[in-house]
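Participant: Per the working numbering, the sequence shown runs over residues 3 to 167. Heads up, the beta-carbon is just placed ideally off N, CA and C, and yes, glycines get one too. Since this is a predicted model, take the numbers as computed values, not measurements. Input: one structure, supplied below.
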Amino acid sequence: MIRSDHHWHPAESRRHAIPGMLPPGEKHEGGETIKTLCKRSVRAAQRTESTRQWPVCDECMQAAKELSGVVFTGGTVAVRFAAGVVSDSKRQSHTATVPEGGEVPASWLTFCGLEIPAHQAEVSQRPTGMPCVCCLFECRAHTRCSDPGTCDDSMQQTAQSREGE
3 MIRSDHHWHP
13 AESRRHAIPG
23 MLPPGEKHEG
33 GETIKTLCKR
43 SVRAAQRTES
53 TRQWPVCDEC
63 MQAAKELSGV
73 VFTGGTVAVR
83 FAAGVVSDSK
93 RQSHTATVPE
103 GGEVPASWLT
113 FCGLEIPAHQ
123 AEVSQRPTGM
133 PCVCCLFECR
143 AHTRCSDPGT
153 CDDSMQQTAQ
163 SREGE
């Protein structure tokens, strides 16, 4: 699984990248001063539904891309929302095509049509968690998924068993 060494938090009307990963269950309190990847010290905002809609700090996004150095070699990847972005029941594993050039896009467009912003995504070469059934069927329709290693056998078996229902 490709994991970043930073997390995103709302501050000063933007979502900023903060160095380090927060352990599960921990969070920043509103009002504390935090250092961002764009080299600013900002006052953290309380996480709410409205702050999740705030735009991403462009400088933090650029710094995060440079730090990650992640480049995919092509094919497909499994993408789901990172922990804490949506409830666990909505963290399905979706399938997305790697863009031309292999760089991490600003948003991952999944086979089922869901758009997952890169700063809210957890990306893996192999599916993890509950698979999105719509992505499974779309994945089976693409010939590239028959290449070894691009689709997990258990996901293909699930799709095949659902076809008989």
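(1) Taking the alpha carbon of Glu140 as the reference point, which residue from Glu102, His96, Ser91, Val81 has its own alpha carbon closest?
(2) DSSP puts Pro133 in a beta bridge; with which residues?
(3) With a Cβ-Cβ cutoff of 7 Å, do Gln94 and Met132 count as a contact?
(4) Using a Cβ-Cβ cut-off of 6 Å (strictly less than) and excluding sequence neighbours within five positions of Val58, which residues of its own chain qualify?
(5) Sort out for me which residues DSSP pairs Trp10 with in a bridge.
(6) Short of 7 Å in beta carbon distance, which residues of its chain neighbour Val137, apart from the five on each side in sequence? Order them along the chain.
(7) Please report the residue range of the beta strand (DSSP E) in which Phe113 lies.
(8) So the beta strand (DSSP E) Val79 belongs to, where does it begin and stop?
Facilitator: Based on what the coordinates show:
(1) The residue given as residue 140 occupies position 138 in the sequence shown. Closest option to Glu140, Cα to Cα, is His96.
(2) Here residue 133 refers to the residue found at position 131 of the sequence shown. DSSP lists Ser95 as partners of Pro133.
(3) Within the sequence shown, the letter at position 92 stands for residue 94. Within the sequence shown, the letter at position 130 stands for residue 132. Yes, the pair counts as a contact, with Cβ atoms nearer than the cut-off.
(4) Here residue 58 is taken as the residue at index 56 of the sequence shown, counted from 1. For Val58, where only same-chain residues beyond five positions count, the Cβ hits under 6 Å are Arg17, His121.
(5) As a first step, residue 10 is located in the sequence shown; it is residue number 8 there, counting from the start. DSSP output for Trp10 lists Ala19 as bridge partner(s).
(6) For this step, residue 137 is matched to residue 135 along the sequence shown. Contrary to the premise, residue 137 reads as Cys rather than Val in this sequence. Excluding positions up to five away in sequence, the list reads His96, Thr97, Thr112, Phe113, Cys114.
(7) Residue mapping note: residue 113 aligns to position 111 of the sequence shown, counting from 1. It is not in any beta strand (DSSP E) - Phe113 carries neither H nor E in the DSSP assignment.
(8) To locate residue 79, count along the sequence shown from 1; it is residue 77. Start and end: 78 to 83.
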